[in-house]
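Asks:
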Amino acid sequence: MKEKIWLSSPHMGEKELEYVQEAFATNWIAPLGPHVTGMEHDLEAYLGNNVHVAALSSGTAALHLALIILGVKAGDEVICQSLTFSASANPIVYQGASPVFVDSEETTWNMSPEYLELAIQDRIKNGKKPKAIIVVHLYGMPAQMDEIMSIARQYQIPVVEDAAEALGSTYKGRAVGTFGDLGILSFNGNKIITTSGGGALISANEGYIKQARFLATQARDHAPHYQHSQIGYNYRMSNICAGIGRGQMEVLPERVARRRYNFDFYKQALEDIKGIAFITDPGKDYYSNHWLTTILVDSDQYSVIDIQNALHEDNIDCRPLWKPMHLQPVFKNYPYYGNGVSDGLFDKGLCLPSGSNLTDTELNRVVARIREVVKVKKSSKNIANNPISCVTFALVTALATFL
Ligand SMILES: *Cc1c(COP(=O)(O)O)cnc(C)c1O
3 MKEKIWLSSP HMGEKELEYV QEAFATNWIA PLGPHVTGME HDLEAYLGNN
53 VHVAALSSGT AALHLALIIL GVKAGDEVIC QSLTFSASAN PIVYQGASPV
103 FVDSEETTWN MSPEYLELAI QDRIKNGKKP KAIIVVHLYG MPAQMDEIMS
153 IARQYQIPVV EDAAEALGST YKGRAVGTFG DLGILSFNGN KIITTSGGGA
203 LISANEGYIK QARFLATQAR DHAPHYQHSQ IGYNYRMSNI CAGIGRGQME
253 VLPERVARRR YNFDFYKQAL EDIKGIAFIT DPGKDYYSNH WLTTILVDSD
303 QYSVIDIQNA LHEDNIDCRP LWKPMHLQPV FKNYPYYGNG VSDGLFDKGL
353 CLPSGSNLTD TELNRVVARI REVVKVKKSS KNIANNPISC VTFALVTALA
403 TFL
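Take the position in the sequence shown, starting the count at 1, then add 2; the result is the number in the working numbering.
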């Protein structure tokens, strides 16, 4: 068996272990400490735009707190991009609220502003104005934020940006996650940088972030004893994880550069193949971190499954795109607004190995394997080698002559 090529594996820099050792040496082995504060400052400096950041235990926890802070309660409706990972939508249900799913547009694969507005109007007509909008910057590609923010402002609905996959991406030169009322990041093991597991909540509203830190540490009131006036959560990032995070923040620009390099590498090596398409930054306003390089396979000679199987045979990890939420059994009874764009992407899309630690040799192995599939499939459909096709060909020729 050839050596495994992973989809997106952790990639440590030089300093992570040093920061973790410092946590041990000072006995800050807790869900608070100097690295947690340091990680928050690092993120605030990196994101700019005067945002405040709360370091948390996961991206999912950050989304959950965002909805709580926006007052999402049982019986409410929250609009969510359908093409995403389930963690974008689950916290809506944690709150007893209902998701309303909105399709993607084709240029960024993110929330369609057109269907967003349709959904808002229809939900209002049904008697309930949505309490929040969750927009995702999928695979690192920024969503159409101007259009989305202007619709959200028009109807006065707060926006939560799920930037779990998009740390390092910008829209009109500004970090994604800083446009909405709140934004979230994830530092899970497969993301562009990792704390082994972790997340962050972002907002220009300092009150929101203070509230998040309070709720994330069991909502403890100021009192000499343990007193609680609200339900709290245990959602803070640990000082050990934050130590890893501080090391990762130092190499983040390199990680973004390498992911973008992977994308360019694959694109140059494969773009001549008819039936394989790449999603590129749609103009100078969009700068994707290209967390994962994805391809769309649209050919009558080979399918996305053929490529997937061939890569797996070669011990190369690859995945279909996220299956849209409106197609998930667990969400099948919730409303959906769209025209099948995300369904089509799911049918044709594939995520290629995209870790920042992949070597050129590994990238070449992926490319070679894909080119092999494309070639083999082409010749197996070669009319001369295939008796059934020969008959079909003869019939078609006869018909064409007749007509
Ligand atoms: C990873 C991810 C999350 C969840 O983040 P965790 O830190 O794993 O909880 C949420 N949304 C999207 C789009 C993600 O990719």
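The beta-carbon is built from N, C-alpha and C at its ideal position, and this holds for glycine as well.
This one's a predicted model, so the numbers in the text were calculated from it and none came from an experiment.
Closest by CA to Val376, which one among Ile307, Val22, Glu42 and Arg155?
Replies: Among Ile307, Val22, Glu42 and Arg155, the Cα nearest to that of Val376 belongs to Ile307.
Asks: Considering only the alpha carbon of each residue, which of Ala121, Ile136, Gly277 and Leu140 lies closest to Ser301?
Replies: When only C-alpha atoms are compared, the closest one is Gly277.
Asks: Does ligand 1 have a heavy atom nearer than 7 Å to the CB of Lys193?
Replies: Under cutoff, so the answer is yes.
Asks: Pick helix, strand or coil for Ser188, following the three-state DSSP scheme.
Replies: In the structure shown, Ser188 sits in a strand (DSSP, three-state: E or B).
Asks: Does the distance between the C-beta of Phe216 and the nearest non-hydrogen atom of ligand 1 fall short of 7 Å?
Replies: Phe216 Cβ: outside cutoff for every heavy atom of ligand 1.
Asks: Counting beta carbon pairs with one atom in the stretch 310-327 and one in the stretch 155-174, are three or more of them shorter than 8 Å?
Replies: Because the criterion of three Cβ pairs below 8 Å is not met, the stretch 155-174 and the stretch 310-327 do not touch.
Asks: Using only the heavy atoms of ligand 1, determine whether one of them is closer than 7 Å to the beta carbon of Ser90.
Replies: Within the cutoff, so yes.
Asks: On the three-state DSSP scale, how would you describe Tyr21?
Replies: Three-state DSSP puts Tyr21 in a helix.
Asks: Across the stretch 191-207 and the stretch 149-158, are there enough close Cβ pairs to call them in contact, namely three or more that are closer than 8 Å?
Replies: Short answer: they don't touch.
Asks: Confirm the yes/no value for this check: CB of Asn317, any heavy atom of ligand 1, distance under 7 Å.
Replies: False, no ligand heavy atom lies under 7 Å from that Cβ.
Asks: Quick one: what's Asp164 bridged to in DSSP?
Replies: Looking at the DSSP assignment, Asp164 forms a beta bridge with Val138 and Ile186.
Asks: Could you tell me which of Gly342, Ser84, Val138 and Ser59 sits nearest to Gly201, measuring between CA atoms?
Replies: When each option's Cα is compared against that of Gly201, the closest is Ser59.
Asks: Return the chain-ordered ranges of every beta strand (DSSP E) run that is complete within the stretch 84-123 and spans a minimum of 3 residues.
Replies: Fully enclosed beta strand (DSSP E) runs of 3 or longer: 100-104.
Asks: Can you name the start and end residues of the beta strand (DSSP E) that Ala76 belongs to?
Replies: Per DSSP, Ala76 belongs to no beta strand (DSSP E) and is neither H nor E.
Asks: Taking 7 Å as the cut-off, is the beta-carbon of Asn341 closer than that to any non-hydrogen atom of ligand 1?
Replies: No, since every heavy atom of ligand 1 falls outside the 7 Å radius drawn around the Cβ of Asn341.
Asks: Less than 7 Å between the CB of Ala68 and some heavy atom of ligand 1, yes or no?
Replies: Because no heavy atom of ligand 1 lies under 7 Å away, the Cβ of Ala68 does not count as near it: no.
Asks: Could you tell me the distance, in whole angstroms, from the CA atom of His66 to the CA atom of Glu24?
Replies: Near 31 Å, if we compare the C-alpha coordinates of Glu24 and His66.
Asks: Contact between the stretch 213-231 and the stretch 11-19: three or more CB pairs below 8 Å?
Replies: At 8 Å Cβ cutoff, the stretches do not touch.
Asks: Return the bridge partner residues of Leu58 from the DSSP annotation.
Replies: Looking at the DSSP assignment, Leu58 forms a beta bridge with Gly201 and Arg238.
Asks: Measure the alpha-carbon distance for Ile135 versus Val162 and round it to whole angstroms.
Replies: Answer to the nearest angstrom: the Cα atoms are 6 Å apart.
Asks: List the DSSP bridge partners of Pro331.
Replies: None; Pro331 has no bridge partner.
Asks: Rounded to a whole number of angstroms, what is the C-alpha to C-alpha distance between Leu72 and Trp30?
Replies: Using only the alpha carbons, I get a separation of about 32 Å.
Asks: Specify, as a first and last residue, the run of the alpha helix (DSSP H) that Ile297 falls within.
Replies: Element bounds for Ile297: not the alpha helix (DSSP H) but the beta strand (DSSP E), Thr295 to Val299.
Asks: Relative to the C-alpha of Lys286, which candidate in Val95, Gln83, Lys131 and Arg176 has its C-alpha closest?
Replies: It is Arg176 whose Cα lies nearest to the Cα of Lys286.
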